[in-house]
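Undergrad:
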Amino acid sequence: MQIVLPEDVKKIIGMIQKAGFEAYAVGGCVRDCLLNKVPNDWDITTSALPEEVKGLFSHTFDTGIKHGTVTVLLHHVGYEVTTYRIDGEYEDGRHPKEVSFTRSLKEDLLRRDFTINAMAYNDTDGLIDLFGGQQDLKDGIIRCVGNAEDRFGEDALRMLRAVRFSAQLDFEIEEETLKAVKKLSGNLEKVSEERIQTELVKTITSDHPGKIRIAHECGLTKVFLPEFDVCMETAQNNPNHLYTVGEHSVRSMERIPAKKELRLTMLLHDIGKPALKTTDEEGIDHFHGHPAKSAEMAREILRRLKFDNQTVDKVSRLCACHDVRIEPGKKYLRRAMNRLGGDLFPDFFLVQRADVCAQSDWKRKEKLDQIARNEADYKEITDAGECFSLKDLAVNGKDLIDAGIKPGKEIGEILEKMLNLVLEDPENNEKSRLFELCLPKTQENGEKSKKKC
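Numbering (our numbering), first residue to last: -15 to 437.
(1) Given that a residue counts as buried once 16 or more other Cβ atoms are within 10 Å of its Cβ, and exposed if not, what is I338?
(2) Spell out a yes or no on whether the stretch 138 to 147 and the stretch 104 to 124 are touching, meaning 3 or more CB-CB pairs, one atom from each, closer than 8 Å.
(3) Taking the C-alpha atoms as reference points, what is the distance between L248 and P330?
(4) CB-CB under 6 Å to F372, same chain, minus the five flanking residues each way: which ones, in chain order?
(5) So I188 and L251 are supposed to be a Cβ contact under 8 Å. How far apart are they, rounded?
(6) Compare the C-alpha of L33 against each of S176, L58, G48 and D25 and name the closest.
(7) Report all residues from its chain with a CB closer than 8 Å to the CB of K(-5); omit the five preceding and five following residues, and keep chain order.
(8) Check whether the stretch 124 to 138 touches the stretch 94 to 111, taking contact to mean three or more Cβ pairs, one atom from each stretch, closer than 8 Å.
(9) What is the DSSP secondary structure of I255, counted as helix, strand or coil?
(10) What number of angstroms, rounded off, separates the C-alpha of K298 from the C-alpha of K243?
(11) Which residues mark the beginning and the end of the alpha helix (DSSP H) in which N358 is found?
(12) Compare the C-alpha of I240 against each of P193, C202, K206 and H270 and name the closest.
(13) Taking G388 as the reference, give the member of L423, G396, L377 and L374 with the closest Cα.
(14) Taking the C-alpha atoms as reference points, what is the distance between H51 and L93?
(15) Under three-state DSSP, which class holds E158?
(16) Alpha carbon to alpha carbon, what distance is there between T205 and L403?
(17) In terms of alpha-carbon separation, which member of G392, V234, P223 and F212 lies closest to M281?
(18) Return the Cβ separation of V207 and L172 in integer angstroms, given the expectation that the two are a contact with Cβ distance under 8 Å.
(19) Which ranges does the beta strand (DSSP E) cover as unbroken runs of at least 3 residues, wholly within the stretch 109 to 160, from first to last along the chain?
(20) Along the chain, which unbroken stretches of the alpha helix (DSSP H) at least 4 residues long are found entirely within the stretch 300 to 344?
(21) For W346, is the classification buried or exposed, using 16 other Cβ atoms within 10 angstroms of its Cβ as the cut-off for buried?
(22) How about D27 and E64: are their beta carbons less than 8 Å apart?
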């Protein structure tokens, strides 16, 4: 098996070999090459000790020297070079108590998580595959190196990584590996929210976000997203729906572009439904007020998982408005843009379409047609540069003060009246016209007309 290594990677490996040590490209970069994918980065493993590596290159950084990792800088790109190592006992299910270096490539590969990530390559020796990783790639299998319970006992995050690789590669998790996940899923509590967040995002922004069902079935979401488990168990006996709340959410994720904020929105847009479920005398389920409740819960969940403020804000806003119905007509859309924020609308339409397509087919065509009409109106409004917020109004507070209005509450009231006129008819967004319509007008005799908005 021939892998084409980048010139800098070949140079680093060659220099280490010339000094009498072993060196290989290892892990994900080898896996991706075998899958005909372009690796995001290249990791190198070597029998040379960190100080020996540093002695071979003029520009290095001690990025993880305690664990044997030195970053070699070539042509302004950093390459991590890590000494073969054996991890000591994992006392907390996250970190080895100690790390010892070894001159054995096999010992180094034995400590890795999955067979598909435990292959090494250089041009001299070719592909080193000691655990059947190449065959597992061909068979579409996620399998632990050695004993699955041992691997997951060392680092509980590996269970979520198994789900993530399953989603990214559309692979099945091997039976014994899956059994170990189910048995040890509770150990995920030992893992930091930041590390869980990273794996969750990679899973749901993959080509197969529905693989999150595996995390639910194995008990992993019970640890970090128990609200989702409740949704998976909450039926929706309503003409609009075919699935449980959770299954609907998963299917809606599968119908929206793979942007982090959009996939998170679909995962969480109905998260508040179980708490608000009622059933009428005809046996129909209702979830009145669920968008606001879902937005509130989404904000709490995303903060718990240590998401950044921008993501928290965007997702919670989309959750809050996902069920908003806008009457036909551009004036109604302009008012909605003012109320919800015009910046939200391109994603708002995507969210609404994904939501509808994951429901029953009851009135689906009418719903989708209305979204399409609103989308067309939005394009016309934005292409024409029509005003839908105070910042685009032809009059501002300084203009009113210059016109003799005293600073204070009245300024805001007048601006709101002007904006309402413009939302109704964008041709009103002209300074003199707004003054004429909304301000007292001084007549030649000194008296003020009574004309106001």
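For every residue, glycine included, the Cβ atom is placed at its ideal position computed from N, Cα and C. Computed from a predicted model, the values in this text were never measured in an experiment.
TA: The short version:
(1) Looking up residue 338 in the sequence shown gives position 354. Reading the sequence as shown, one finds Ala at residue 338 and not Ile. So A338 counts as buried.
(2) no
(3) Taking the sequence shown and counting its residues from 1, the one referred to as residue 248 is at position 264. Taking the sequence shown and counting its residues from 1, the one referred to as residue 330 is at position 346. Roughly 16 Å separates the two Cα atoms.
(4) By 1-based counting over the sequence shown, the position of residue 372 is 388. Closer than 6 Å at the Cβ level, and outside the excluded window around F372, lie R318, M321, N322 and G326.
(5) By one-based count along the sequence shown, residue 188 stands at place 204. By one-based count along the sequence shown, residue 251 stands at place 267. Right, the Cβ-Cβ distance comes to about 6 Å (below 8 Å), so this counts as a contact.
(6) Within the sequence shown, numbered from 1, the residue matching residue 33 stands at position 49. Comparing Cα-Cα distances from L33 to each of S176, L58, G48 and D25, the minimum goes to G48.
(7) Position 11 of the sequence shown, counted from the start, is the residue given in the question as residue -5. Closer than 8 Å at Cβ, skipping near neighbours: L58.
(8) yes
(9) Here residue 255 corresponds to residue number 271 of the sequence shown, with the count starting at 1. It is coil, neither helix nor strand.
(10) Here residue 298 refers to the residue found at position 314 when the sequence shown is read from its first residue. Here residue 243 refers to the residue found at position 259 when the sequence shown is read from its first residue. Roughly 12 Å separates the two Cα atoms.
(11) Working through the sequence shown from its first residue, we reach residue 358 at position 374. Note, N358: alpha helix (DSSP H), R348 to D367.
(12) To locate residue 240, count along the sequence shown from 1; it is residue 256. For the residues P193, C202, K206 and H270, the minimum Cα distance to I240 belongs to P193.
(13) Sequence index remark: in the sequence shown, residue 388 carries index 404 (1-based). Ranking L423, G396, L377 and L374 by Cα distance to G388 puts L423 first.
(14) Taking the sequence shown and counting its residues from 1, the one referred to as residue 51 is at position 67. Taking the sequence shown and counting its residues from 1, the one referred to as residue 93 is at position 109. Going from the Cα of H51 to the Cα of L93 covers about 15 Å.
(15) Taking the first residue of the sequence shown as position 1, residue 158 is located at position 174. Of the three classes helix, strand and coil, the one that applies to E158 here is coil, per DSSP.
(16) Translated into the one-based positions of the sequence shown, residue 403 becomes position 419. Translated into the one-based positions of the sequence shown, residue 205 becomes position 221. Rounded to whole angstroms, L403 to T205 spans 46 Å at the Cα level.
(17) Residue 281 sits at position 297 when you count from the first residue of the sequence shown. Looking at the Cα atoms, F212 is the closest of the given residues.
(18) As a first step, residue 207 must be located in the sequence shown, where it is residue number 223. As a first step, residue 172 must be located in the sequence shown, where it is residue number 188. Confirmed, Cβ separation roughly 4 Å.
(19) 110 to 113
(20) 314 to 324 and 329 to 341
(21) Residue 346 sits at position 362 when you count from the first residue of the sequence shown. With fewer than 16 other Cβ atoms within 10 Å, it is exposed.
(22) Working through the sequence shown from its first residue, we reach residue 27 at position 43. Working through the sequence shown from its first residue, we reach residue 64 at position 80. Closer than 8 Å, so yes.
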